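Taking our numbering, I'd label the letters of the sequence shown as residues 3 to 264.
The beta carbon of each residue, even a glycine, is placed where N, CA and C say it ideally should be.
Owing to the predicted nature of the structure, the values given are computational and were not obtained by experimental measurement.
So the structure is just underneath, and the comments pick up after that.
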Amino acid sequence: YPVICVTVCGNENPTGILKEHPDWALRHPDGTPLGYISPAHPEARQWLASVADEIVRKYQPDGIMLDYIRYHNRPLLLDPAADQRFHASLPEGTTPEQEKQLMQQFKEDELTELVRLYSETVRTAHNGTRLGIYSWGPHVAENHQIAQCWPRWVQEGYLDLVNVSGYYHHDKYGEKYLPMFEQKMRSAVELNRGTGRPVPLSFALGVETSHGRVHSADDIRIYLNRAAEAELDGFVAFTWNTLLPYLDELDQTGDIRTFPNH
């Protein structure tokens, strides 16, 4: 499953395709361009989908995973064309609070259109190709500035699998880390089931990340046990090379082979 980092293109400053198409960029609040491709720009969406189309046609993977399928997690402006389109759609007399709510809906709708286009594109390129996403989890599924309303995408049939972040470490959260992990996993499962057409749901095991790391095979075993209790369907290790030192012990005890065992 190749992973495509969708919208990020330089982070704080534009690079790559945004050098060629600066009008596709999301913008800082002062109007200067960000290194993020706007999901609300129709031409940018078509270009993004064309990248997935090329990968699927050339290599015919089992599926495609989308990372950074979201807006930047900062206050921002849309690309100029989308911003103009949004403001032209506002009813006369819209209050600032109403405008904020309508902007949230607009962002979610535009990002949903990009996911729909990806779904249509990869399936047309090669029948049976699966589409999945990496998400931060249940807390971004509604009314969040990244507008990643993934249960909606599951419900619409655009996605075949979802991988949510399991990056809750003692290093960062202290004794709260495990209750936080459990709560996020259970909430994600509940949201997935609430769509009426749940897809396989896995979590990203952060063996070593910028958020923290595990320190033993026992740490990994705890995450796997709690995720199994929450009835997740699988896990992805970030990253494989950092998992290797613990692999023999986990293999001997069968923790990976038997997960999730429900």
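query	result
Classify Glu122 as buried or exposed, calling it buried when 16 or more other Cβ atoms lie within 10 Å of its own Cβ.	exposed
Between which two residues does the beta strand (DSSP E) carrying Leu163 extend?	163-167
Evaluate Thr160 with the Cβ neighbour count: other Cβ atoms within 10 Å of its Cβ, from every protein chain shown; 16 or more gives buried, anything less gives exposed.	As written in the sequence, residue 160 is Tyr, which differs from the Thr given in the question. That one is buried.
Which residue comes first and which comes last in the beta strand (DSSP E) that contains Ile66?	65-69
So the candidates are Gln62, Leu92, Ser40, Met67; which of them puts its Cα closest to the Cα of Ser204?	Met67
Tell me the residue span of the beta strand (DSSP E) that contains Ser212.	Note, Ser212: premise wrong, no beta strand (DSSP E); not H, not E.
Decide if the segment 60-79 is in contact with the segment 3-15; the criterion is three or more beta carbon pairs, one per stretch, under 8 angstroms apart.	yes
Between which residues of its own chain and Glu266 is the CB-CB distance below 7 angstroms, once the five residues before and five after are set aside?	Because the chain spans 3 through 264 in this model, residue 266 falls outside it and cannot be assessed.
Nearest to Ala230 by alpha carbon, out of Pro247, Asn263, Leu249?	Asn263
Starting from Asn263 and walking both ways along the alpha helix (DSSP H), at which residues does that stretch end?	Per DSSP, Asn263 belongs to no alpha helix (DSSP H) and is neither H nor E.
In this structure, how does DSSP classify Ile57 when only helix, strand and coil are distinguished?	helix
Whose C-beta lies closer than 7 angstroms to the C-beta of Val191 among residues of the same chain, with five residues either side of it excluded?	Leu203, Ala232, Glu233, Leu234
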